[in-house]
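So the structure is just underneath, and the comments pick up after that.
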Ligand code: EPU
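Residue numbers (the numbering used here): 516 to 794.
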């Protein structure tokens, strides 16, 4: 069940293949093609809303132990499946900063690069020098410099069948104590403003230019609104939390309600920030 592989804790069943040796991806992808099986790639599952129905596509995911961090001067090569928070800390211990704001963002480094995750003034794309990617469409591996990735607000130019394998980061040198201090501040802010102890996929909608979606939903008095097992967080209104065994349908209904109310009150059409998987 993908509910066991997503931070929101919803989603139907799927065939899941864990990849321990990324070099063998061409074999796997060719094998799936031979059998007429379409596939999708799963990162850490922390920004993902999966439908309740069983998924027709095969799901591929990199095994967590599919590589190690390699440091050289102020550059680090990070496997895509590495945990983002652990990576921030490991770099910090070596006096490498620049990612402090991302502490507390759950998920993998690959997922953070893919979505250009951002928080407290830091965006992942700011520190990426290059990425190694497997292009499912051509069956080729490539190293892309950051300029070719097209980092935008919570968006990059990757194709759905591009699999990120690793990222090379260039990080500014900074004393460990200063890095820790900034990390502490960010953790405190996040604890106060986001429902970090509940099941969620982070912010559901993007912020339209010049607006805060959380603020709009809050001003509409929608915090605490419940559909089935899904609730609009009282701590941050752009978070939907799975508090009472929600289904994806509950969450979709709550999202529709938010979209309608915000459109009516503010004339703004909200865009999804989470990735949605349906058949
Ligand atoms: N606000 C409210 N009520 C709420 C939520 C927010 O009044 O329920 C107000 C705040 O008081 C503040 C303003 O809205 O004045 C902005 O809030 P906040 O600083 O929490 O930032 P945000 O714009 O809501 C963005 C990102 C978050 C990221 C934070 C911190 C998006 C969609 N959200 O939220 O990212 O953690 O800034 O940098 O860009 C995510 O991507 O999943 C995510 C959580």
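Idealized CB from N, CA, C, for every residue including glycine. Please read these numbers as outputs of a predicted model, since none were measured by experiment.
With 16 other Cβ atoms within 10 Å as the buried cut-off, status of residue i
i           : result
residue 745 : buried
residue 794 : exposed
residue 846 : Residue 846 falls outside the range modelled here, since the chain spans only 516 to 794, and no answer is possible.
residue 560 : buried
residue 754 : buried
residue 536 : exposed
residue 759 : exposed
residue 765 : buried
residue 549 : exposed
residue 728 : buried
residue 771 : exposed
residue 649 : buried
residue 734 : exposed
residue 677 : buried
C-alpha distance - residue i paired with residue j, whole-angstrom precision
i           : j           : result
residue 523 : residue 530 : 19 Å
residue 588 : residue 684 : 11 Å
residue 577 : residue 558 : 8 Å
residue 708 : residue 641 : 24 Å
residue 779 : residue 788 : 20 Å
Where the beta strand (DSSP E) through residue i begins and ends
i           : result
residue 647 : 643-650
residue 661 : Careful: residue 661 lies outside any beta strand (DSSP E), inside the alpha helix (DSSP H) at 661-664.
residue 546 : Residue 546 -> not in any beta strand (DSSP E); alpha helix (DSSP H) instead, spanning 540-549.
residue 611 : Element bounds for residue 611: n/a, residue is neither H nor E.
Coarse secondary structure for residue i, derived from DSSP in three states
i           : result
residue 704 : helix
residue 692 : helix
residue 685 : strand
residue 633 : strand
residue 516 : coil
residue 711 : coil
residue 567 : coil
residue 822 : This structure gives no information on residue 822, because the portion of the chain shown stretches from 516 to 794.
residue 678 : strand
residue 627 : helix
residue 599 : helix
residue 585 : strand
Boundaries of the alpha helix (DSSP H) in which residue i is found, first to last residue
i           : result
residue 780 : 763-781
residue 732 : 728-734
The ligand GTP heavy atom lying under 6 Å from the CB of residue i
i           : result
residue 721 : The model on display carries the ligand EPU but not the ligand GTP.
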